[in-house]
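Below you'll find the structure, written out as structure tokens, and then a few comments.
2 protein chains.
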Amino acid sequence: MDILHRVGVKSSVDEVYKALATRDGLAGWWTRDTQGESRVGEVVKFRFSADGKHLGGFDMKVLELQPSQRVAWQVVDGPAEWIDTQVSFELRQDGDYSILLFKHQGWSEPAEFMHHCSTKWATFLMSLKSLVETGKGAPSPDDVRIGDWH
Amino acid sequence: MDILHRVGVKSSVDEVYKALATRDGLAGWWTRDTQGESRVGEVVKFRFSADGKHLGGFDMKVLELQPSQRVAWQVVDGPAEWIDTQVSFELRQDGDYSILLFKHQGWSEPAEFMHHCSTKWATFLMSLKSLVETGKGAPSPDDVRIGDWH
């Protein structure tokens, strides 16, 4: 079972790729607390917080970094439901837009947490779009709140 | 293949149910151009536009209306990929929050359009949350633009 999303970012694919493939880029739309180096084979650690409290996070092993085309990660630590799932971002230019296809693949069941993560990914991808188009994203801890699970 | 989402709305489930089960409610967060009666067996027509242009829409046959619990529709007209898919909204109260589980089930393949609809549903569910919590949603034609496909 997979979470799928698509956004169109009014920019070059190079700019979107930078937001996906570098620590500074990732810190600008997903979570400010991003640690590690975004290099194939390395692990990048994403940590989240809200109201001054730590909420945990995800460790992603970088599987692919194809400039301006594709970024893929494997989840190596985090919530049980996320372990060994894969996250990928595919890019292509289409006129004024960079088309971003997002996939979070390999969920073992459609639990309530998967529903939550699907919606939350959408708001983070809108944060990425905003970062690239306007210079300002909404990374954790300033992320959009979608409910009681933050 | 299914699109899944979860939002928590700070309100009673009765208020969220109203936004899902009545024409006025639906017009407040999905599209202002909502026609027909929301009654089991009837068809509700949702039409979308942007920049003064009609973008088409969806005709939904109402399958279930369980007060404060569940609303379900079957798509009877619209884009080919949507025909015969089912959309459902499940509600439950959890403390201060109404938990809404959303499912759009029965997609035949994970086409790019499904990715787009997944993200777009998320932004519309955030519009629903905003409508119920603040009185103001972002229905079409004032909906959040997520890319070149609107």
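Residue numbers (the numbering used here), protein chains in the order written: chain Y, 5 to 154; chain W, 5 to 154. Ideal Cβ placement from N, Cα and C applies to all residues, glycine included.
Exercise. Are the region 21-38 of chain W and the region 61-71 of chain Y touching, with three or more C-beta to C-beta distances below 8 Å?
Worked result: In short, these stretches do not touch, since the Cβ pair count stays below three.
Exercise. What does a CB cutoff of less than 7 Å around W:Trp-86 pick up in its chain, not counting 5 residues either side in sequence?
Worked result: Answer for W:Trp-86: Phe-62, Val-79, listed in chain order.
For this session: Check the C-beta distance from W:Trp-33 over to W:Pro-143 and give it rounded, since I have them as a contact under 8 Å.
Result: The Cβ separation is near 5 Å, so the contact holds.
Exercise. Secondary structure at W:Met-64, three-state DSSP: helix, strand or coil?
Worked result: W:Met-64: strand per DSSP, three-state reduction.
Exercise. Per the contact definition of three or more C-beta pairs closer than 8 Å, is the region 122-138 of chain Y in contact with the region 6-15 of chain W?
Worked result: A contact exists between the region 6-15 of chain W and the region 122-138 of chain Y.
For this session: Please name the residues in the region 106-130 of chain Y whose beta-carbon is closer than 9 Å to at least one beta-carbon of chain W, in chain order.
Result: Result list: Phe-106, Lys-107, Pro-114, Glu-116, Phe-117, Met-118, His-119, His-120, Cys-121, Ser-122, Thr-123, Lys-124, Trp-125, Ala-126, Thr-127, Leu-129, Met-130.
Problem set entry | Any chain Y beta carbon closer than 8 Å to W:Trp-153 | Interface with chain Y (8 Å Cβ-Cβ cutoff): W:Trp-153 is included.
Exercise. Between which two residues does the alpha helix (DSSP H) harbouring Y:Glu-113 extend?
Worked result: Note, Y:Glu-113: premise wrong, no alpha helix (DSSP H); not H, not E.
Problem set entry | Neighbour flag for Y:Leu-24 against chain W, beta carbons, 8 Å | No, because no Cβ of chain W sits closer than 8 Å to the Cβ of Y:Leu-24.
Exercise. Which residues in the same chain as Y:Glu-46 place their Cβ atom closer than 8 Å to its Cβ, once the five residues preceding and following it in sequence are excluded?
Worked result: Correct list, in chain order: Gly-40, Lys-65, Val-66.
For this session: Identify the continuous alpha helix (DSSP H) that holds W:Gly-29 and give its terminal residues.
Result: That run of the alpha helix (DSSP H) goes 27-31.
Exercise. Hey, quick one: how far does the beta strand (DSSP E) through Y:Gly-12 stretch, first residue to last?
Worked result: Where Y:Gly-12 is concerned, the enclosing beta strand (DSSP E) stretches over 6-14.
For this session: Report the three-state DSSP secondary structure of W:Ser-131 (helix, strand or coil).
Result: W:Ser-131: helix per DSSP, three-state reduction.
Problem set entry | Cα-Cα separation between W:Val-17 and W:Leu-59, rounded to whole angstroms | Distance between the alpha carbons of W:Val-17 and W:Leu-59 is about 32 Å.
Exercise. Secondary structure at Y:Ala-142, three-state DSSP: helix, strand or coil?
Worked result: If DSSP states are grouped into helix, strand and coil, Y:Ala-142 belongs with coil.
Exercise. Can you name the start and end residues of the beta strand (DSSP E) that Y:Asp-98 belongs to?
Worked result: It spans 90-98 - the beta strand (DSSP E) in which Y:Asp-98 sits, taken as one unbroken run.
Exercise. Listing by chain order, which chain Y residues have their CB less than 7 Å from the CB of W:Val-11?
Worked result: Neighbours of W:Val-11 on chain Y, chain order: Thr-123, Ile-150, Gly-151.
Exercise. Any beta-carbon of chain W closer than 8 Å to the one on Y:Tyr-101?
Worked result: Y:Tyr-101 counts as touching chain W.
For this session: Using three-state DSSP, classify W:Val-148 as helix, strand or coil.
Result: Three-state result, W:Val-148: coil.
Exercise. Tell me the DSSP bridge mates of W:Asp-18?
Worked result: None; W:Asp-18 has no bridge partner.
Exercise. Looking at the structure shown, is W:Trp-86 part of a helix, part of a strand, or coil, going by DSSP?
Worked result: Under the three-state reduction of DSSP, W:Trp-86 is assigned to helix.
For this session: Output yes or no for whether 8 Å exceeds the beta carbon distance between W:Ala-54 and W:His-119.
Result: Not a contact, by the Cβ cut-off of 8 Å.
For this session: Going by CA-CA distance only, name the one from W:Gln-97, W:Gly-151, W:Leu-69, W:Leu-104 that's closest to Y:Gln-97.
Result: Check the Cα spacing between Y:Gln-97 and each of W:Gln-97, W:Gly-151, W:Leu-69, W:Leu-104: the tightest is with W:Gly-151.
Exercise. Are the CB atoms of Y:Val-48 and Y:Arg-27 nearer to each other than 8 Å?
Worked result: Yes, they are a contact pair.
For this session: Would you mind stating whether Y:His-108 and Y:Asp-6 have Cβ atoms separated by less than 8 Å?
Result: Inclusion of Y:His-108 and Y:Asp-6 in the CB contact set at 8 Å is warranted, their separation being smaller than that value.
For this session: Could you tell me which of Y:Asp-81, Y:Ser-134, Y:Gln-70, Y:Asp-147 sits nearest to W:Arg-149, measuring between CA atoms?
Result: The candidate whose alpha carbon is nearest that of W:Arg-149 is Y:Ser-134.
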